[in-house]
Amino acid sequence: MAMAVREPAELVEALKLPAELAESAEAATGRFPLLVPRSYLARIRPGDPGDPLLRQVLPAAAETITAPGFTADPVGDRAARRAPGLLHKYRGRVLLITTGVCPIHCRYCFRRQYPYPEEPRRAEQWRAALDCIGADSTLHEVILSGGDPLILPDERLAELMGRLGEIRHLRRLRLHTRMPIAVPERVTDGLIRVLQNVRLRTVVVVHANHPQELQGDCATALRRLVDAGFVTLNQAVLLRGINDDPDTLATLCERLVDLGVIPYYLHQLDRVAGAAHFEVSESEGREIIEELRRRLPGYAVPRYVREIAGEEFKAPLA
Ligand code: SF4
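Position 175, counted from 1, in the sequence shown is what the working numbering calls 175; the numbers after and before it change by one each time, with no gaps.
Right, here's the structure in full:
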């Protein structure tokens, strides 16, 4: 993380891109700065401004355009907050905002405007959230999210997981993480031991949008998670100019399956302010899914869904 690229000029120079791209990125960054880890950078094609990985991370002038219907809190996180760091949207499950830090800044991120400074940062600040979970015996699953929960050092992660494991009515722990895609070297033997050393059944949900992401050390990291026995799922976001065609998504899904990862969700873009240029219409999304059904076995076709604030489950779109 210390070696990650944080300046548009550095990124543009490293990838041999036109200098104007750095200027426009600088102007568009706003309060969500550029952040690209080295491993991810190595998977971007030099000299190609249209590279699908570059487009996920390079701030674009379109981010500054105000679009109707695109807001700071598109999925109702605010209304779902039950305690500091604790969101409760769906029956039987709660989500912990473990950290506001991510290994990469995805320009379409639905939490790009989330008020992370208001959430717990130190272990003792988790007490209210853990008390809330402990007091509600209808809860069976906790989702560690963020930010990215694998930003936490192993010891802090182990401590948090241990405290959750002591809550007897919990049965499952889910981690929502882009770390194996963005910084695959985070998937160490030590991390695997931490994840295995908990009473709860652990499910890992990663986030890859394009087959080009699943190369080299990223593929190795995913295999390690699968081989360690974790149910490993992928959620992708349907993104204009990045993966909005059946060829790209079919290749992504097949590569995931070959690595032992189940293509779980294809999300319709959450309408967060600054991300309107990434949106693909639902009708286009349905056509893509229909084509995937023609080409792939059923287990390789992700569920195409949209999150609607206040709804009891993610709405299926196809
Ligand atoms: S890693 Fe996840 S939470 Fe972080 S910026 Fe990307 S999409 Fe958002």
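All C-beta atoms in this analysis are idealised placements derived from N, C-alpha and C, irrespective of residue type, glycine included. Since the model is a prediction, treat every value here as computed from it, not as a measurement.
Check: Just to confirm, does F278 get its C-beta within under 8 angstroms of one of the non-hydrogen atoms of the ligand SF4?
Finding: F278 Cβ: outside cutoff for every heavy atom of the ligand SF4.
Next item on the list: Within the same chain, show all residues whose beta-carbon is closer than 6 angstroms to that of R82, passing over the 5 residues directly before and after it, in chain order.
Entry: H88 and C132.
Next item on the list: Keeping to the same chain, check which residues put their C-beta closer than 6 angstroms to that of E63; ignore five residues upstream and five downstream.
Entry: Leaving aside the five residues that flank E63 on each side, the residues in its chain whose CB is nearer than 6 angstroms to its CB run, in chain order, A28 and G274.
Next item on the list: Figure out for me which residue from R38, W126 and P180 has the closest Cα to the Cα of R156.
Entry: That would be W126, whose Cα lies nearest to the Cα of R156.
Check: Apart from the five residues just before and just after I289, which ones in its own chain have a Cβ nearer than 6 angstroms to its Cβ?
Finding: Closer than 6 angstroms at the Cβ level, and outside the excluded window around I289, lie Y304 and A318.
Notebook entry, point to check: Nearest to N197 by alpha carbon, out of V204, M161, R107 and A60?
Noted result: That would be M161, whose Cα lies nearest to the Cα of N197.
Check: Mapping DSSP to helix, strand and coil, what is R255?
Finding: R255: helix per DSSP, three-state reduction.
Check: What separation, rounded to the nearest whole angstrom, lies between the Cα atoms of D227 and V203?
Finding: In a straight line, the C-alpha of D227 is about 13 angstroms away from that of V203.
Check: Does the distance from the C-beta atom of I104 to that of R223 stay below 9 angstroms?
Finding: No, these two residues do not count as a Cβ contact at 9 angstroms.
Margin query: Are there any heavy atoms of the ligand SF4 lying less than 8 angstroms away from the beta-carbon of A182, as far as the coordinates show?
Written below: Under cutoff, so the answer is yes.
Next item on the list: Count the C-beta pairs between the region 131 to 149 and the region 96 to 112 that are closer than 8 angstroms, then say yes if the count reaches three, no if not.
Entry: Cβ pair count under 8 angstroms is three or more, so yes.
Check: By a C-beta neighbour count over all protein chains shown, 10 Å radius and 16 as the cutoff for buried, is G285 buried or exposed?
Finding: Looking at its Cβ environment, which holds 16 or more other Cβ atoms inside 10 Å, G285 is buried.
Notebook entry, point to check: Does DSSP put E279 in a helix, a strand or coil?
Noted result: E279 sits in coil when the DSSP states are folded into three classes, being neither helix nor strand.
Margin query: Can you give me the C-alpha to C-alpha distance between L292 and V257, rounded to a whole angstrom?
Written below: When only Cα atoms are considered, L292 and V257 end up about 14 angstroms apart.
Notebook entry, point to check: What's the C-alpha gap between R186 and R111?
Noted result: Computed Cα separation, rounded: 22 angstroms.
Checklist line | the ligand SF4 heavy atom lying under 8 angstroms from the CB of P368 | finding: Residue 368 is absent from the model: the chain starts at 1 and stops at 318.
Next item on the list: Check each candidate in C253, Y108 and D217 and name the one with the smallest Cα separation from E39.
Entry: In the sequence on display, residue 39 carries Ser and not Glu. The residue from C253, Y108 and D217 with its alpha-carbon nearest to that of S39 is D217.
Margin query: Measuring only the C-alpha atoms, how far is A250 from P302?
Written below: Their Cα atoms are separated by approximately 10 angstroms.
Margin query: Give me, in chain order, the residues of the same chain whose beta-carbon lies closer than 7 angstroms to that of D270; leave out the 5 immediate sequence neighbours on both sides.
Written below: Only P74, V75, F110 and E307 meet the Cβ criterion.
Next item on the list: Indicate whether Y299 and V205 have their beta-carbon atoms separated by less than 9 angstroms.
Entry: Against a cut-off of 9 angstroms, the Cβ pair of V205 and Y299 comes out as no contact.
Next item on the list: Identify whether L41 lies in helix, strand or coil by the three-state DSSP scheme.
Entry: In the three-state reduction of the DSSP assignment, L41 falls in the helix class.
Note to self: Is any non-hydrogen atom of the ligand SF4 found closer than 8 angstroms to the C-beta of I104, if you look at the structure I gave you?
What the structure shows: Residue side-chain check: I104 places its Cβ nearer than 8 angstroms to a non-hydrogen atom of the ligand SF4.
Check: Is F110 near the ligand SF4, going by C-beta to nearest heavy atom under 8 angstroms?
Finding: Indeed, a heavy atom of the ligand SF4 lies less than 8 angstroms from the Cβ.
Notebook entry, point to check: Is it the case that the CB of R6 approaches a heavy atom of the ligand SF4 more closely than 8 angstroms?
Noted result: Not a single heavy atom of the ligand SF4 lies less than 8 angstroms from the C-beta of R6.
Notebook entry, point to check: Helix, strand or coil: which one does DSSP assign to T98?
Noted result: DSSP places T98 in the coil class of the three-state scheme, outside both helix and strand.
Next item on the list: Would you mind giving the Cβ-Cβ distance between R43 and L35, rounded to the nearest angstrom? I have them listed as a contact below 8 angstroms.
Entry: Contact between R43 and L35 fails: their C-beta atoms lie close to 15 angstroms from each other, not under 8 angstroms.
Notebook entry, point to check: Cβ of P59 within 9 angstroms of Cβ of R6?
Noted result: It is not a contact, given that the beta carbons lie outside the stated cut-off.
Notebook entry, point to check: Taking Cβ positions, are I65 and A276 nearer each other than 9 angstroms?
Noted result: For I65 and A276, yes; Cβs fall inside 9 angstroms.
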